[in-house]
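**Q** My structure is below; once you've seen it, I'll send some questions.
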Amino acid sequence: MQIIIYDDAQQVAISAAQWVQGLIKEKTHPVLGLATGSTPISLYQELVKQYQADQCSFTNVTTFNLDEYHNIDESNPQSYRSFMQENLFNHVDINTKNTFLPTCEQAQNPRNQGLAYEDKIKQAGGIDLQILGIGANGHIGFNEPTSSLTSRTRIKTLTQQTLTDNSRLFTAQEEQPTTAMTMGIATIMDARYVLLMATGKNKAQAVKDMITGAVSANCPASILQMHENAVILLDKDAASALEDHSYYQWADKQNRKLNEEFGFYHNF
Ligand code: PGA
4 MQIIIYDDAQ QVAISAAQWV QGLIKEKTHP VLGLATGSTP ISLYQELVKQ YQADQCSFTN
64 VTTFNLDEYH NIDESNPQSY RSFMQENLFN HVDINTKNTF LPTCEQAQNP RNQGLAYEDK
124 IKQAGGIDLQ ILGIGANGHI GFNEPTSSLT SRTRIKTLTQ QTLTDNSRLF TAQEEQPTTA
184 MTMGIATIMD ARYVLLMATG KNKAQAVKDM ITGAVSANCP ASILQMHENA VILLDKDAAS
244 ALEDHSYYQW ADKQNRKLNE EFGFYHNF
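In the working numbering, each residue carries its 1-based index in the sequence shown increased by 3.
Next comes the structure, spelled out in structure tokens:
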């Protein structure tokens, strides 16, 4: 795990945007895994800014989102399709036909939909870089605690904590979905790189469990300890429960020196 601690959330977003730009520039047909939630919004704002400044183009990019509510119409403002259109896709030159979410309507078999999503990712050549947030309960995507560490795209029932955490996004009139389709943990682990962004004090315990706890289905993000290329971008608040703060900062400095000397290394 490469753990990088920044002063604030804005720097986390800028750094994540640099990773995405690196991928887009390096590969002819980049495949990007995307996340929803509050944390990546500032990343998408950065990417839109860079696109508007002619610094990147999304014409050849294919995207796969981590999750989508079960049986939600894509035109529903609460759907993750709407979120992605509003926060990124409508503002850049991406071909919407190349943007995928794990959808499942009421009449569709969630198992078949999950398998079809896995196939689609394979056909695209696999995910090069997967953006992740982390839930206060350690979830990645909607892989809630106790999710199988070898799971694939499927339907999940959301925990009460996740429902409570996300209830801020729903008005009293809106019905909050309690089930969702999500990439599995094994699906996420197949990505060549994973880039997890965490900001704010409410993530500090989950971040600590992910980095220094045992690998356990009780904290699904802890599986990233087993990923060959996991990059964890934190602001000071999200890093505040880590004990080896100074070590991570020292290691980051050393890595920057190496990058200056030998060039920034990644192998999408
Ligand atoms: P948040 O969600 O970015 O809205 O905090 C993160 C997550 O649940 O993965």
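In this text, a Cβ means the ideal position worked out from N, Cα and C, and glycines have one as well. Note that the structure is a prediction, hence the values are computed from the model and not measured.
With distance defined between alpha-carbon atoms, name the residue in Thr185, Lys30 and Gln58 nearest to Gly117.
**A** Translated into positions along the sequence shown, residue 117 becomes position 114. When only C-alpha atoms are compared, the closest one is Thr185.
**Q** Quick one: does the C-beta of Thr42 sit closer than 7 Å to a heavy atom of the ligand PGA?
**A** Position 39 of the sequence shown, counting from 1, holds the residue named residue 42. True, at least one ligand heavy atom lies under 7 Å from that Cβ.
**Q** Name, in chain order, the residues that DSSP records as bridge partners for Lys211.
**A** Here residue 211 is taken as the residue at index 208 of the sequence shown, counted from 1. Answer by DSSP bridge pairing: none, since Lys211 is not bridged.
**Q** Could you please give me the residues that DSSP links to Asp70 through a beta bridge?
**A** Locating residue 70 in the sequence shown gives position 67, counting from the first residue. According to DSSP, Asp70 bridges with Thr185.
**Q** Looking only at DSSP bridge pairs, what is Met200 linked to?
**A** Within the sequence shown, residue 200 is the residue found at index 197, counting from 1. Answer by DSSP bridge pairing, in chain order: Leu236.
**Q** If you draw a straight line from the C-alpha of Ala16 to the C-alpha of Pro43, how long is it?
**A** As a first step, residue 16 is located in the sequence shown; it is residue number 13 there, counting from the start. As a first step, residue 43 is located in the sequence shown; it is residue number 40 there, counting from the start. Taking the straight line joining both Cα atoms gives about 7 Å.
**Q** Should Pro80 be labelled buried (16 or more other beta-carbon atoms within 10 Å of its own) or exposed?
**A** In the sequence shown, counting from the first residue as 1, residue 80 sits at position 77. Result: exposed.
**Q** At what residues does the beta strand (DSSP E) containing Lys125 begin and finish?
**A** Counting from one through the sequence shown, the residue named residue 125 turns up at place 122. Run containing Lys125: none in the beta strand (DSSP E); it sits in the alpha helix (DSSP H), Pro113 to Gln126.
**Q** Nearest to Ala242 by CA position, among Lys206, Phe267 and Asn221, is which residue?
**A** Numbered from 1 along the sequence shown, position 239 holds the residue referred to as residue 242. Here the closest residue by C-alpha is Lys206.
**Q** With C-beta atoms as the reference, is Glu178 less than 8 Å away from Thr162?
**A** Reading the sequence shown from its first residue, position 175 is the one you call residue 178. Reading the sequence shown from its first residue, position 159 is the one you call residue 162. No, Cβ-Cβ distance for Glu178 and Thr162 is not below 8 Å.
**Q** Using a Cβ-Cβ cut-off of 7 Å (strictly less than) and excluding sequence neighbours within five positions of Ala189, which residues of its own chain qualify?
**A** Within the sequence shown, residue 189 is the residue found at index 186, counting from 1. Within the same chain, Ala189 has close Cβ partners Thr153, Ser154 and Arg155.
**Q** Quick one, which of Gln111, Gly141, Asn270 and Arg84 has its alpha-carbon nearest Asp168's?
**A** Here residue 168 refers to the residue found at position 165 of the sequence shown. The option with the nearest alpha carbon to Asp168 is Gly141.
**Q** On the three-state DSSP scale, how would you describe Tyr9?
**A** The sequence position of residue 9 within the sequence shown is 6, counting from 1. Strand at Tyr9.
**Q** Is Asp238 buried or exposed, if buried means 16 or more other CB atoms sit within 10 Å of its CB?
**A** Residue 238 sits at position 235 when you count from the first residue of the sequence shown. Buried: at least 16 other Cβ atoms inside 10 Å.
**Q** Looking only at C-alpha atoms, which of Glu231, Val210 and Ala201 sits nearest to Gln14?
**A** Position 11 of the sequence shown, counted from the start, is the residue given in the question as residue 14. Comparing Cα positions, the closest option is Ala201.
**Q** With burial defined as no fewer than 16 other Cβ atoms inside 10 Å of the residue's Cβ, what is the status of Tyr9: buried or exposed?
**A** Your numbering for residue 9 matches position 6 in the sequence shown. Under this definition Tyr9 is a buried residue.
**Q** When DSSP labels each residue in this structure, what does Val51 get in the three-state scheme?
**A** Position 48 of the sequence shown, counted from the start, is the residue given in the question as residue 51. Three-state DSSP puts Val51 in a helix.
**Q** Could you spell out the range, first to last residue, of the alpha helix (DSSP H) harbouring Leu166?
**A** Position 163 of the sequence shown holds residue 166. Unbroken alpha helix (DSSP H) run through Leu166: Gln163 to Asn169.
**Q** When we look at the beta-carbon of Thr62 and count the other beta-carbons within 10 Å, is it buried (16 or more) or exposed?
**A** Sequence index remark: in the sequence shown, residue 62 carries index 59 (1-based). Its Cβ having fewer than 16 others within 10 Å, Thr62 is exposed.
**Q** Please identify the residue among Ile158, Leu50, Cys107 and Glu231 whose C-alpha is closest to the C-alpha of Tyr196.
**A** Position 193 of the sequence shown, counting from 1, holds the residue named residue 196. With distances taken between Cα atoms, Tyr196 lies closest to Glu231.
**Q** Spatial neighbours of Tyr251 within its chain, please: C-beta separation below 8 Å, excluding the five flanking residues on both sides.
**A** On the sequence shown, position 248 is the one that residue 251 refers to. Counting only Cβ-Cβ distances below 8 Å, and skipping sequence neighbours, we find Ile6, Ile7, Ile8, Ala242 and Leu245.
**Q** Counting Cβ pairs, one atom from each stretch, are 3 or more of them under 8 Å apart for the segment 115-134 and the segment 77-97?
**A** Output reads no: the segment 77-97 does not touch the segment 115-134.
**Q** What residues are listed by DSSP as bridge partners for Arg195?
**A** On the sequence shown, position 192 is the one that residue 195 refers to. Paired residues: none, contrary to the question.
**Q** When you compare only the Cα positions, how much space is there between Ile143 and Arg84?
**A** If you number the sequence shown from 1, residue 143 lands on position 140. If you number the sequence shown from 1, residue 84 lands on position 81. Distance between the alpha carbons of Ile143 and Arg84 is about 18 Å.
**Q** Comparing the C-beta of Lys239 with each C-beta of chain C, is any distance below 8 Å?
**A** Checking the listed chains, one finds no chain C in this structure; it contains a single protein chain.
**Q** Quick one, are the C-beta atoms of Thr165 and Ala220 less than 8 Å apart?
**A** Translated into the one-based positions of the sequence shown, residue 165 becomes position 162. Translated into the one-based positions of the sequence shown, residue 220 becomes position 217. No; because the gap between Cβ atoms is not below 8 Å, this pair is not in contact.
**Q** CB-CB under 6 Å to Thr39, same chain, minus the five flanking residues each way: which ones, in chain order?
**A** The residue given as residue 39 occupies position 36 in the sequence shown. Answer for Thr39: Tyr83 and Phe86, listed in chain order.
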